[in-house]
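Just below is one structure, and these are the notes that go with it.
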Amino acid sequence: MRVKEFQDFLREEKISCAILFNFDDNLNPNFDYFAGFEGNGCFIIPKKGRPVLLVPQMEEEKARKTRNKVIIYKKDFWKKAKKHIKGRRIGIDFYTVTLMMQRSLKKNLGKRRLVSISERCSELRAIKTKKELSNLKEACRITDEIMGKCFGGFRRHRFRTEKDVVDFFDEETRKKGCEFSFSPVVASGHGSSQPHYVPKDVKLRKGFCVIDFGVKYKGYCADMTRTIYLGKPKKKETDMYNLLLKVQEDLIKELKAGQRCSETYNNCVKKLGKYGKNFIHGLGHGVGLEIHELPNLRPSSNETIEEDIVFTIEPGIYFRGRFGIRIEDTILMGKKPIILTKTPKDLLRMRDK
């Protein structure tokens, strides 16, 4: 995908070829993205011409279905690879390169100059193609459907523990032929004060319950957070939730292509007012083949939000040891922002059984 665009970059940077690795079942999303292949191997992109996919014999049948020139290796990987590595300036995707692989690169590529192309890979992946957008929209649709069923389970008092909710997500996700984008968060009561809380086999506690969930469809991730209330909230709690919801909705409405990520983050802090100090993480991140991609919506970010980028907006406020509230949607930046996750966001109150 987008190999020609990447080759333009190689020529601009005077890089003879780029090498991407995917070994030991540690999936390199850049390899998958450019080679169009999920499996072990090495992908060599020359600055001109047809890319070369080197794979072990066991991957041959699958590799032949790609558009790449396929080379099969047994124990002679570097011997065959070096025949296709031309020039003195070589681009390396260090995304999943281990220390052992770095040593192997130095040994086998001699005095060639190795330069990192990982950042450029991530930048190209940030702008989504029509096919990618279709997959991301479907991932969000399925996530919405399962979250809706989850809320129904809460209403029917189906869940006793946080683990029960996670098990429900697992079952429903498998039924859809999908997998998790990330390990779901089900953080009830005081657990909700931790943004990356790990659900436990403990009884659901009264108070706010933060539920962060998303499925991966055809390799593409969705990400959504909803906060519900178990029991009857106090007026102050309801007011805080409604403030956070208005901040999130206003931030989304104000999004424009070309807007700096740091500006969006700073706007969030201002809108939160006295609760700005309780906002303790980034405002959002890109999503795609990975759950965390470019851009990063943080105060130190130099990145901008461009058309056809898919990302999250997830403000939250946290009170250590007491509770937390977070609301998150996956957004597509078009001429105007498009919210891809559509599960209602009004505070859902679940009465005691």
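Take the sequence shown: its position 260, counting from 1, is numbered 303 in this note's numbering, and each next residue is one higher.
No residue lacks a Cβ here, since even glycine has one placed at the ideal position from N, Cα and C.
Starting from Ser-165, trace the alpha helix (DSSP H) in both directions and tell me its first and last residue. Indexing the sequence shown from 1 puts residue 165 at position 122. Start and end: 161-169.
Going by C-alpha to C-alpha distance, which of Tyr-76, Leu-152 and Glu-214 sits closest to Ser-165? Taking the first residue of the sequence shown as 1, we reach residue 165 at position 122. Ranking the options by Cα distance to Ser-165, first place goes to Tyr-76.
Coil, strand or helix - Leu-152 by DSSP: Sequence index remark: in the sequence shown, residue 152 carries index 109 (1-based). Three-state result, Leu-152: helix.
Less than 8 Å between the beta carbons of Val-229 and Ala-182, yes or no? As a position in the sequence shown, residue 229 is number 186, starting the count at 1. As a position in the sequence shown, residue 182 is number 139, starting the count at 1. Not closer than 8 Å, so no.
Of the choices Pro-358, Lys-279 and Glu-56, whose alpha-carbon is the least far from that of Val-312? Indexing the sequence shown from 1 puts residue 312 at position 269. Closest option to Val-312, Cα to Cα, is Pro-358.
Does the distance from the CB of Asp-187 to the CB of Thr-386 come in under 8 Å? Walking along the sequence shown from the start, residue 187 turns up at place 144. Walking along the sequence shown from the start, residue 386 turns up at place 343. Yes, the Cβ-Cβ distance between Asp-187 and Thr-386 is below 8 Å.
Tell me the residue span of the beta strand (DSSP E) that contains Arg-369. The residue you call residue 369 lines up with position 326 of the sequence shown. 366-369 is the span of the beta strand (DSSP E), which, as asked, contains Arg-369.
Going by DSSP, what residues sit across from Tyr-116 in a beta bridge? By 1-based counting over the sequence shown, the position of residue 116 is 73. Paired residue(s): Pro-99.
Check whether the Cβ atoms of Arg-93 and Asn-111 lie closer than 8 Å to each other. Numbered from 1 along the sequence shown, position 50 holds the residue referred to as residue 93. Numbered from 1 along the sequence shown, position 68 holds the residue referred to as residue 111. Result yes, Cβ atoms of Arg-93 and Asn-111 sit closer than 8 Å.
At which residue ranges does the stretch 199-260 contain complete beta strand (DSSP E) runs of 3 or more residues, listed in the order of the chain? 228-231, 250-256 and 258-260
Pick out whichever of Tyr-240, Lys-243, Arg-54 and Val-98 has its Cα sitting closest to the Cα of Leu-114. Within the sequence shown, the letter at position 71 stands for residue 114. Reading off the sequence shown, one finds Ile at residue 114, where the question assumed Leu. Nearest of Tyr-240, Lys-243, Arg-54 and Val-98 to Ile-114, Cα basis: Val-98.
C-alpha distance - Gln-100 paired with Asn-65, whole-angstrom precision: Taking the sequence shown and counting its residues from 1, the one referred to as residue 100 is at position 57. Taking the sequence shown and counting its residues from 1, the one referred to as residue 65 is at position 22. Approximately 15 Å, taken between the alpha carbons.
As assigned by DSSP and simplified to three states, the class of Gly-196: Here residue 196 refers to the residue found at position 153 of the sequence shown. Three-state DSSP puts Gly-196 in a helix.
With distances taken Cα to Cα, identify the nearest neighbour of Asp-266 among Gly-331, Asp-293 and Lys-206. To locate residue 266, count along the sequence shown from 1; it is residue 223. Ranking Gly-331, Asp-293 and Lys-206 by Cα distance to Asp-266 puts Gly-331 first.
At a Cβ threshold of 8 Å, is Gly-316 touching chain B? In summary, chain B is missing from the structure at hand, where a single protein chain is found.
What are the boundary residues of the alpha helix (DSSP H) that includes Glu-306? Counting from 1 along the sequence shown, the entry for residue 306 is found at position 263. Note, Glu-306: alpha helix (DSSP H), 304-315.
Smallest Cα separation from Ile-135: which of Val-209, Glu-102, Ile-88 and Leu-167? Here residue 135 is taken as the residue at index 92 of the sequence shown, counted from 1. With distances taken between Cα atoms, Ile-135 lies closest to Ile-88.
To test your reading of the DSSP string, which unbroken beta strand (DSSP E) runs of 3 or more residues are found completely within the stretch 340-395? 353-356, 359-362, 366-369, 372-376, 380-382 and 391-393
Nearest neighbour of Ser-224, chosen from Glu-205, Gly-191, Gln-237 and Tyr-260 [CA to CA]: By 1-based counting over the sequence shown, the position of residue 224 is 181. It is Tyr-260 whose Cα lies nearest to the Cα of Ser-224.
In this structure, how does DSSP classify Leu-142 when only helix, strand and coil are distinguished? For the purposes of this step, residue 142 is taken as residue 99 along the sequence shown, with counting starting at 1. Reduced to three states, the DSSP call for Leu-142 is helix.
Hey, would you say Leu-70 sits closer than 8 Å to Phe-80, going by beta carbons? Working through the sequence shown from its first residue, we reach residue 70 at position 27. Working through the sequence shown from its first residue, we reach residue 80 at position 37. No. Outside cutoff.
Assign His-328 to one of three DSSP states: helix, strand, or coil. Residue mapping note: residue 328 aligns to position 285 of the sequence shown, counting from 1. If DSSP states are grouped into helix, strand and coil, His-328 belongs with the strands.
Please go through the same chain and pick out, in chain order, the residues whose beta-carbon is closer than 6 Å to the beta-carbon of Ile-62, but skip the five residues on each side of it. Here residue 62 refers to the residue found at position 19 of the sequence shown. Contacts found: Ile-87 and Ile-135.
CA-to-CA distance, Glu-371 to Lys-314, given in whole angstroms: Taking the sequence shown and counting its residues from 1, one reaches residue 314 at position 271. Taking the sequence shown and counting its residues from 1, one reaches residue 371 at position 328. Spanning the two alpha carbons is a distance of roughly 16 Å.
What do you get for Leu-53, buried or exposed, if any count of 16 or more other CB atoms within 10 angstroms of its CB means buried? Here the question's residue 53 lines up with position 10 in the sequence shown. Label assigned to Leu-53: buried.
Just checking, does the stretch 283-302 make contact with the stretch 364-382 on the three C-beta pairs under 8 Å criterion? yes
Is the distance from the Cβ of Ser-159 to the Cβ of Phe-137 below 8 Å? Mapped onto the sequence shown, residue 159 falls at position 116. Mapped onto the sequence shown, residue 137 falls at position 94. Cβ distance < 8 Å, so Ser-159 and Phe-137 count as in contact.
Continuous alpha helix (DSSP H) stretch holding Arg-54: start and end: The residue you call residue 54 lines up with position 11 of the sequence shown. Taken as a continuous stretch (DSSP letters only), the alpha helix (DSSP H) holding Arg-54 covers 46-55.
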